[in-house]
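Here's the structure we're looking at; comments come further down.
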Amino acid sequence: MSLTTNKYVNEWVKEITELVKPDSVVWIDGSEEQLEALRAQAVSTGELIKLNEEKLPGCYLHRTAIDDVARVEDRTFICAPTKEEAGATNNWMDPAEMYAKLRKLYDGSMKGRTMYVLPFSMGVVGSPFAKAGIEITDSIYVVLNMKIMTRIGKAVLDNLGDSADFVHGLHSRATMNPEERYIVQFPQDNTIWSINSGYGGNVLLGKKCFALRIASYQGRNEGWMAEHMLILGVKAPNGEKKYIAAAFPSACGKTNLAMLIPPKEYVEKGYEVECVGDDIAWLRVGDDGRLWAINPEAGFFGVAPGTNMKSNPNALRTCLQDTIFTNVVHNTEDNTVWWEGLDKNPPKNAINWKGEKWDCESGEKGAHPNSRFTAPASKCPCISPEFESPKGVPISAIVFGGRRAKTAPLVYQSFDWNHGVFVGSAMASETTAAAAGAVGVVRRDPMAMLPFCGYNMGDYFNHWIEMGKKITKKPKIFNTNWFRTDSNGKFLWPGFGDNLRVLEWILKRCDDEIGADETAIGYVPKAEDINREGIEDEVTMDILRDILSVDAGLWKEDAANLEEFYAKIQSVGNRMPKEMYDQLEGLKSRLG
Ligand code: GTP
Ligand code: SPV
Ligand code: MN
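First residue of the sequence shown: 0, per numbering that gives the first Met the number 0; consecutive thereafter.
Below is the structure:
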């Protein structure tokens, strides 16, 4: 029975019910009683495995189909009215054609199944910055993940009242045929249709589909920004707190940076780091002229492999309770989980991510490289007291970054806002297992938004430039790269907690406390200004100078590649702003 009298909601639910023809319809009210019954049902069918209640209370394991383990960018569409509005970097199809094509696939796709109607909110319910969505799905896994990742239930509908302003999300596992898998956004209709997948970013519609693709489009129209950014707070020894928002591509270190534990020397001095968000930021200009950020999510959908007590103890502690693990190793000896990089003791009696008996000596990975934990942010030991703040936190610095063995130095600062937008537009990174396809190939990924921008990338750059005009107290813009390697492919920078050393330099630059070397690409630290106390042996002055160096030859190649990328964006709709070309010319002339 419907939980609302909202006629827009009820008519839409009726229309979808007639299309997908479920055996029954269940509205998710958000009560623990209802959720517990769903967990029990999923366990009874094998969709979830209940883990050791003593060691991992409230935790479950789920395995997706083996051909359904990551986002599928080549099957993800932005169906704006015209190809020009979607731009060269998005797949596009005429909306009417796409609706017709998908309607056939959805027709009767929930026969014999239950259809769940799940109201959810991105942002604290009732906050002026929050936005409502409803996801219709035939997957309990989706309902239970959305329960962790967003605020769900009747309160969302009550707050929506009789408004038509909600995202219409439809997901069906249908036949799970990868050839007919589609993740489709219709930004102008506030609508998302996802079919034939059961993996995270493809089906948890609040996340990438809504909070980035649809929201980025809304943000452009309404004068705010939806970005693929973590948000963290750094408390200095003098008690002053500053917030940083950072955009790195998928599986390039957002969760790790957002929860970092300061190196011993910094803890002793009194530094503290708190996490506001690890993946998505919604940013607005405040009355005070500063840029304010909220995390619209309520949980973390984090990469499991590599998470351990040294790299990210906060993430590990967060996922010790009330967590859903996806595609990790099942340790059948004590009914717990394991993944590569958790510790050096892979379980002897174990089932791998594919559900097969697994021999840790076989040389094959037990957990999928993109295996994940879905954990409530409220359980994170370093969650910020501002996490639930409806107005968010003021941002002092914006950081862009990627995974690059060469070219980009450890850190540099842009000359000003528009140059910073250019630095973001020029981001490039090696691809990771977070999306289907080749891993380790350098590709351009502006602002880490290539797979997530819901409109033409040229218009998106322009929106950044326009936002700069409205923010009177602008954050400074930086670029980082934790991933420079030596000739043997070994990382030269220790990363993780030690990244605070770089954040310290960034915050000092924000306060104009410290000088820098002006180079062709921006301001680069003087090597002696990066604090090496405690890592002098690992990061010698020579290594530090090496990872701070700017190789003009490599940068000329990069600029040429960027020019081609701009030409590609320009080829659909001619929407590249002149400011970006001016910046590119500036870089080329500085490089000589
Ligand atoms: P999404 O959830 O896909 O958006 O990814 P994310 O940006 O949150 O990435 P995450 O923090 O989960 O990092 C993914 C991978 O990067 C893991 O394998 C980490 O071990 C590795 N990583 C993170 N930070 C660092 C670092 O500072 N140095 C090095 N070398 N590796 C890192
Ligand atoms: C990413 O791929 O950037 C993620 C995971 O954060 S997913 O939700 O699957 O998109
Ligand atoms: Mn992400």
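Ideal Cβ placement from N, Cα and C applies to all residues, glycine included.
Rounded to whole angstroms, what is the Cα-Cα separation between residue 414 and residue 233? Rounded to the nearest whole angstrom, the CA to CA distance from residue 414 to residue 233 is 23 Å.
Same chain, Cβ closer than 7 Å to residue 480, five either side skipped, listed in chain order: Contacts found: 400, 401, 403, 407, 408 and 409.
Report yes if the C-beta distance between residue 244 and residue 297 is below 8 Å; otherwise report no. Taking 8 Å as the cut-off, the Cβ atoms of residue 244 and residue 297 do not count as close.
Mind pulling the alpha helix (DSSP H) runs of 4 or more residues that sit fully within the region 256-280? Fully contained in the region 256-280 are the following alpha helix (DSSP H) runs of length 4 or more, in chain order: 263-268.
Report yes or no: do the region 140-158 and the region 105-123 share at least 3 C-beta pairs separated by less than 8 Å? The count of Cβ pairs closer than 8 Å, one atom from the region 140-158 and one from the region 105-123, reaches three, so the stretches are in contact.
Nearest-angstrom Cα separation, counted from residue 530 out to residue 52: Rounded to the nearest angstrom, the gap between the Cα atoms of residue 52 and residue 530 is 44 Å.
Neighbour-count burial assignment, residue 257, 16 or more Cβ in a 10 Å radius: Under this definition residue 257 is a buried residue.
Quick one: does the C-beta of residue 305 sit closer than 7 Å to a heavy atom of the ligand SPV? No.
Neighbourhood of residue 451 by C-beta distance below 8 Å, restricted to the same chain and skipping five residues each side: Once the five neighbours on either side are set aside, the close Cβ partners of residue 451 are 207, 211, 212, 215 and 227.
Per DSSP, residue 405 forms a beta bridge with which residues? Residue pairing by DSSP leaves residue 405 without any beta bridge partner.
By the three-class DSSP mapping on this structure, what secondary structure does residue 98 have? Helix, per DSSP.
Which runs of the alpha helix (DSSP H) fall wholly inside the region 445-533 and span at least 4 residues, in chain order? Qualifying alpha helix (DSSP H) stretches, in chain order: 456-469 and 499-509.
Is the closest heavy atom of the ligand MN to the C-beta of residue 249 under 7 Å? Residue 249 Cβ: within cutoff of the ligand MN.
Please tell me whether, using a cut-off of 7 Å, the distance from the CB of residue 278 to the nearest non-hydrogen atom of the ligand MN is below it. It does: the Cβ of residue 278 is within 7 Å (strictly closer) of some heavy atom of the ligand MN.
Shortest alpha-carbon distance to residue 142 belongs to which of 41, 492 and 366? Checking every option, the nearest Cα to that of residue 142 belongs to 41.
4-residue-minimum alpha helix (DSSP H) runs that sit fully inside the region 74-118, ordered along the chain: 82-85 and 94-105, all fully within the region 74-118.
My output table needs one value for residue 607: the three-state DSSP class, helix, strand or coil. With the chain running from 0 to 591 in the structure shown, residue 607 is simply not present.
The region 509-524 contacting the region 433-440, beta-carbon criterion three pairs below 8 Å: No: fewer than three Cβ pairs fall under 8 Å.
Return yes when at least one heavy atom of the ligand SPV lies under 7 Å from the C-beta of residue 442, else no. Using a cutoff of 7 Å, the CB of residue 442 does not count as near the ligand SPV, since none of the ligand's heavy atoms is closer than that.
Inter-residue spacing [alpha-carbon to alpha-carbon] between residue 307 and residue 381: Going from the Cα of residue 307 to the Cα of residue 381 covers about 16 Å.
Assign residue 490 to buried or exposed, taking buried as 16 or more other Cβ atoms, counted over all protein chains shown, within 10 Å of its Cβ. Around the CB of residue 490, fewer than 16 other CB atoms lie within 10 Å, so the residue is classed as exposed.
Among the candidates 536, 199, 369 and 465, whose CA atom is the shortest distance from the CA of residue 433? Checked all of 536, 199, 369 and 465; the closest Cα to residue 433 is 369.
With the cut-off set at 8 Å, would you say residue 679 and residue 110 are in Cβ contact? Outside the shown range of the chain (0 to 591) lies residue 679, about which nothing can therefore be said.
Using the DSSP secondary-structure output, state which residues sit across from residue 330 in a beta bridge. Its beta-bridge partners are 335 and 349.
For the region 240-255 against the region 358-367, do three or more pairs of beta-carbon atoms, one drawn from each stretch, fall closer than 8 Å, so that the two count as touching? Output reads no: the region 358-367 does not touch the region 240-255.
Can you tell me which of 350, 310 and 333 puts its alpha carbon nearest to the alpha carbon of residue 340? Between residue 340 and the set 350, 310 and 333, the nearest pair of CA atoms involves 310.
Buried or exposed for residue 127, going by 16 or more other Cβ atoms inside 10 Å? Exposed.
Alpha carbon of residue 395 to alpha carbon of residue 492, nearest angstrom: Counting only the Cα atoms, residue 492 lies some 24 Å from residue 395.
Buried versus exposed, by CB contacts within 10 Å (16 or more), residue 321: Under this definition residue 321 is a buried residue.
DSSP three-state assignment for residue 190, whether helix, strand or coil: Collapsing the DSSP output to three states places residue 190 in a strand.
Any heavy atom of the ligand GTP inside 7 Å of the beta-carbon of residue 451? Checking every heavy atom of the ligand GTP against the Cβ of residue 451, none is found closer than 7 Å.
Given residue 196 as reference, the closest of 168, 56 and 63 once Cα atoms are compared: Nearest Cα to residue 196 within the set 168, 56 and 63: 63.
Could you tell me whether the Cβ atoms of residue 352 and residue 328 are closer together than 8 Å? Annotated as proximal: residue 352 and residue 328, with beta-carbon spacing under 8 Å.
First through last residue of the beta strand (DSSP E) which encompasses residue 418: Premise fails: residue 418 lies in the alpha helix (DSSP H), 416-424, not in any beta strand (DSSP E).
Exposed unless 16 or more other CB atoms sit within 10 angstroms - verdict on residue 171: Buried.
Quick one: what's got a C-beta closer than 6 Å to residue 391's C-beta in the same chain, skipping five residues either side? 291, 292 and 293.
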